[in-house]
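In order, the protein sequences belong to chains A and B.
Note that this note's numbering numbers the first sequence so that position 307 is 373, with each residue one more than the last.
Note that this note's numbering numbers the second sequence so that position 77 is 83, with each residue one more than the last.
These notes are about the structure you will find just below.
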Amino acid sequence: MDGEKESLMERVVMVEEDVMLPGMNAASEEAARSEEDLFPDVRETLLEVKDLAISFVQYSKGLRQRTVSPIVDLNLIVDVGEVVAVVGESGSGKSLLAHSILGILPSNARVTGEINYDGRALTPERVKELRGREITFVPQSVQFLNPLMRVGAQIPAKGKDKRERKKKVRSVFERYRLPAGTEKKFPYQLSGGMARRVLVASATVGGARLIVADEPTPGLDEAAIREALGHLRELADEGRAVMLISHDLEQALGISDRVAVFYAGTTLEEARADDFNGDGCDLRHPYTRALWKALPSNGFLAIPGNQPTPDNLPPGCLFSPRCQMATEECFSVKPHKRDLRGGWVRCHHAA
Amino acid sequence: MPLEAREVSFRYGRGEWVLRRASLSVCAGEVVGLRGESGSGKTTFARVIAGYLRPQEGEVYLDGAPLPRHCYNPVQLMHQHPEKAVNPRWRMRDTLAEAWDVDDATLDALGVDASWLGRWPNELSGGELQRICLARALSPRTRYLIADEITTMLDAVTQAQIWKAILVRVRESGLGVLAVSHDRSLLERVADRVVDVEEIAAAR
Numbered sequence: 067m068d069g070e071k072e073s074l075m076e077r078v079v080m081v082e083e084d085v086m087l088p089g090m091n092a093a094s095e096e097a098a099r100s101e102e103d104l105f106p107d108v109r110e111t112l113l114e115v116k117d118l119a120i121s122f123v124q125y126s127k128g129l130r131q132r133t134v135s136p137i138v139d140l141n142l143i144v145d146v147g148e149v150v151a152v153v154g155e156s157g158s159g160k161s162l163l164a165h166s167i168l169g170i171l172p173s174n175a176r177v178t179g180e181i182n183y184d185g186r187a188l189t190p191e192r193v194k195e196l197r198g199r200e201i202t203f204v205p206q207s208v209q210f211l212n213p214l215m216r217v218g219a220q221i222p223a224k225g226k227d228k229r230e231r232k233k234k235v236r237s238v239f240e241r242y243r244l245p246a247g248t249e250k251k252f253p254y255q256l257s258g259g260m261a262r263r264v265l266v267a268s269a270t271v272g273g274a275r276l277i278v279a280d281e282p283t284p285g286l287d288e289a290a291i292r293e294a295l296g297h298l299r300e301l302a303d304e305g306r307a308v309m310l311i312s313h314d315l316e317q318a319l320g321i322s323d324r325v326a327v328f329y330a331g332t333t334l335e336e337a338r339a340d341d342f343n344g345d346g347c348d349l350r351h352p353y354t355r356a357l358w359k360a361l362p363s364n365g366f367l368a369i370p371g372n373q374p375t376p377d378n379l380p381p382g383c384l385f386s387p388r389c390q391m392a393t394e395e396c397f398s399v400k401p402h403k404r405d406l407r408g409g410w411v412r413c414h415h416a417a
Numbered sequence: 007m008p009l010e011a012r013e014v015s016f017r018y019g020r021g022e023w024v025l026r027r028a029s030l031s032v033c034a035g036e037v038v039g040l041r042g043e044s045g046s047g048k049t050t051f052a053r054v055i056a057g058y059l060r061p062q063e064g065e066v067y068l069d070g071a072p073l074p075r076h077c078y079n080p081v082q083l084m085h086q087h088p089e090k091a092v093n094p095r096w097r098m099r100d101t102l103a104e105a106w107d108v109d110d111a112t113l114d115a116l117g118v119d120a121s122w123l124g125r126w127p128n129e130l131s132g133g134e135l136q137r138i139c140l141a142r143a144l145s146p147r148t149r150y151l152i153a154d155e156i157t158t159m160l161d162a163v164t165q166a167q168i169w170k171a172i173l174v175r176v177r178e179s180g181l182g183v184l185a186v187s188h189d190r191s192l193l194e195r196v197a198d199r200v201v202d203v204e205e206i207a208a209a210r
């Protein structure tokens with residue numbers, strides 16, 4: 067497996083070089099690198115999600131109300147220059163987190179906890195101002211493009227006149243190898259890979275600092291996946307911050323620095339990408355280890371049971387009903403978040 | 007007796023041929039992996055061999071006779087997106103009942119929780135729905151399963167769970183499976199042999 071992972075990384079790097087484009091010359095890259103050498107340990111946190119919980123009040127039958135809590139305890143930090151992967155199965159709260167960062171939760175959502183951006187609380191007013199400018203979104207589906215508008219007009223580029231705007235669109239399209247004339251096309255005239263490049267271009271044209279990418283690769287073939295992920299890595303290397311939401315651990319590991327593992331609305335662990343190696347003994351949480359060992363290239367081991375649903379969460383550790391190491395404590399007491407070996411974990415027994 | 011596609015050709019309308027004289031057979035108790043790039047015709051082939059699309063040339067045979075029509079199809083097709091394969095206005099119980107009277111043993115084997123049956127599709131996660139779809143497809147009359155990227159959208163643990171359950175059926179009741187995927191390492195895990203869609207077709 068190790069060999070395979072390495073070769074995947076190699077390929078990603080290769081793609082990056084391949085798409086090294088005007089404006090990204092070697093000199094500026096070198097400058098950035100030497101700056102990094104000067105301040106090796108400075109962590110510049112751009113996004114911080116702290117003990118986030120989201121619940122919804124729903125009407126079940128008639129006027130009877132019930133509260134469901136799809137997000138219970140989310141923690142996440144994304145630093146400048148990093149790709150942080152958010153992995154977990156469907157229903158673990160990955161997309162809801164993205165929606166709450168972008169301020170697009172439905173109005174019946176009740177939110178507690180904190181989301182801080184650039185050191186200050188990300189209030190609804192602030193997110194309105196930043197969204198689409200500093201904070202951008204690469205959506206899951208190319209259906210997010212307006213089918214009735216030419217793609218050039220859908221790029222949120224700003225300029226003092228039409229010509230300047232056009233120039234900006236052209237230069238970002240060139241960066242993503244979209245041929246001349248793409249601006250005039252409608253979404254249905256683009257291939258899947260090209261449409262994805264338009265979405266990435268759209269997210270990066272302004273001065274985006276935080277890019278939230280929600281499952282940006284489904285339906286693409288291997289080459290297009292490598293390219294799309296390579297673009298995200300490149301954006302982080304330029305000094306932006308990328309949050310990559312994915313159900314595909316193997317793909318995410320290829321480009322990310324750190325990995326946050328979500329389960330039933332809670333972050334169970336934050337690990338470094340290189341903690342995922344060998345038989346998983348560098349990983350902190352039993353669920354993370356189960357995910358790692360379930361990969362077809364790692365053993366294909368299945369564990370029994372299901373992720374609990376938001377209306378039926380176990381009282382103690384959320385993973386306790388499926389955990390082989392679970393003790394009395396695990397079934398009754400919620401584990402607190404604690405730092406461990408350069409990451410952190412919510413588990414009573416991790417050591 | 008095998009499920010066989012014999013020199014099937016297919017095109018949509020008057021478009022280019024997507025499949026040209028493609029042949030493949032799957033035996034009972036065998037898992038065949040079908041691999042290929044996106045746009046190479048994997049899904050079209052899956053639909054043809056499952057009887058969903060009628061090939062313009064060639065024929066699909068089951069036990070040496072053309073695939074039966076107008077009755078329960080012993081070749082069941084499963085899709086990548088389970089949420090598009092169930093009626094959004096039916097509870098899971100009704101979705102299952104349409105196919106067969108699903109027994110508890112099957113539900114247990116697939117890890118389907120009894121509480122899911124009273125739910126609507128939008129209340130279940132992708133992995134849960136896909137297991138419902140698998141239970142629906144695994145009636146005792148089903149002899150072949152065509153699995154078209156059925157775990158592509160799922161996490162690794164759920165993927166392993168679903169495939170383990172399928173492989174038990176393969177061993178215990180001789181289910182034949184065509185596993186369609188772009189993921190080589192998955193196919194190497196589950197399939198007895200892996201073929202490329204380019205290899206089975208004469209030309210495109």
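Here a beta-carbon is modelled for each residue, glycine too, at the ideal position from N, C-alpha and C.
The structure displayed is predicted, hence computed values, not measured ones.
If you compare the alpha carbons of A:Asp345, A:Val264, A:Arg388 with that of Ala246 of chain A, the shortest gap goes to A:Val264.
Neighbours of Gly19 of chain B in chain A, taken as residues at a C-beta separation under 7 Å, are lacking, since the least C-beta distance is about 17 Å. As for any beta strand (DSSP E) of minimum length 3 sitting wholly inside the region 94–153 of chain B, there is none. In chain order, Val37, Trp169, Ala185 place their CB closer than 6 Å to the CB of Val196 of chain B, counting only its own chain and leaving out the 5 sequence neighbours on each side. Taking C-beta separations shorter than 7 Å and ignoring five residues to either side along the sequence, the partners of Lys48 of chain B in its chain run Leu40, Gly42, Val186, Val203, following chain order. Under the Cβ criterion of 8 Å, Leu361 of chain A is counted among the residues facing chain B.
Contact residues of the region 170–199 of chain B toward chain A are Lys170, Ala171, His188, Asp189, Arg190, Ser191, Leu192, Leu193, Glu194, Arg195, Val196 (C-beta to C-beta distance below 9 Å). Under DSSP, Asn182 of chain A forms a beta bridge with A:Glu114, A:Ala187. When the five nearest sequence neighbours on each side are left out, the beta carbons in the same chain lying within less than 6 Å of the beta carbon of Tyr78 of chain B are those of Arg147, in order along the chain.
The Cβ neighbour count for Met260 of chain A, taken over all protein chains shown within 10 Å, is at least 16; the residue is labelled buried.
The beta carbon of Val123 of chain A sits closer than 6 Å to those of Gln131, Thr133, Asn174, all from its chain and outside the five residues before and after it, given in chain order.
In this structure, the beta-carbon distance from Glu104 of chain B to Glu63 of chain B does not fall below 8 Å. Sequence-ordered contacts of the region 143–160 of chain A with chain B read Val153, Gly154, Glu155, Ser156, Gly157, Ser158 [C-beta pairs closer than 9 Å]. Residue burial annotation: Gly320 of chain A is buried, with at least 16 other C-beta atoms found within 10 angstroms of its C-beta. Under the DSSP assignment, Pro362 of chain A falls outside any beta strand (DSSP E); it carries neither an H nor an E label. Shortest Cα-Cα distance from Asn182 of chain A to any of A:Leu112, A:Ala360, A:Val108, A:Leu162 involves A:Leu112. Residue burial is scored here from C-beta neighbours: Leu129 of chain A has fewer than 16 other C-beta atoms within 10 angstroms and is therefore classed as exposed. Going by DSSP, Val153 of chain A is part of the beta strand (DSSP E) stretching over 149–153. Using beta-carbon distances, Ala279 of chain A does not count as an interface residue toward chain B, since no partner is under 8 Å. Between the C-alpha atoms of Ala269 of chain A and His297 of chain A there is a straight-line separation of about 11 Å. Going by beta carbons, Ala360 of chain A and Gln165 of chain B fall inside the 8 Å limit. One finds nothing in chain A with a Cβ atom closer than 7 Å to the Cβ of Asp110 of chain B; even the nearest lies about 16 Å away. Judged by their CB atoms, Leu83 of chain B and Ala56 of chain B are nearer to each other than the 8 Å cut-off. If you compare the alpha carbons of A:Pro380, A:Arg176, A:Gln373, A:Phe342 with that of Asn364 of chain A, the shortest gap goes to A:Phe342. Under the DSSP assignment, Met84 of chain B falls in the beta strand (DSSP E) whose first and last residues are 81–84. Sixteen is the threshold: since fewer than 16 other Cβ atoms of the shown chains lie within 10 Å of the Cβ of Leu214 of chain A, the residue is exposed.
About 6 Å separates the beta carbons of Val163 of chain B and Leu357 of chain A, which is inside the 8 Å limit, making them a contact pair. Close CB contacts of Leu334 of chain A within its chain, under the 8 Å cut and outside five residues either way in sequence, are with Val327, Phe328, His351, Tyr353, Thr354, Leu384, Phe385, Val411, Arg412, Cys413 (chain order). If you draw a straight line from the Cα of Leu9 of chain B to the Cα of Gly133 of chain B, it comes to about 28 Å.
Interface annotation, Val24 of chain B: not in contact with chain A, CB-CB separation never under 8 Å.
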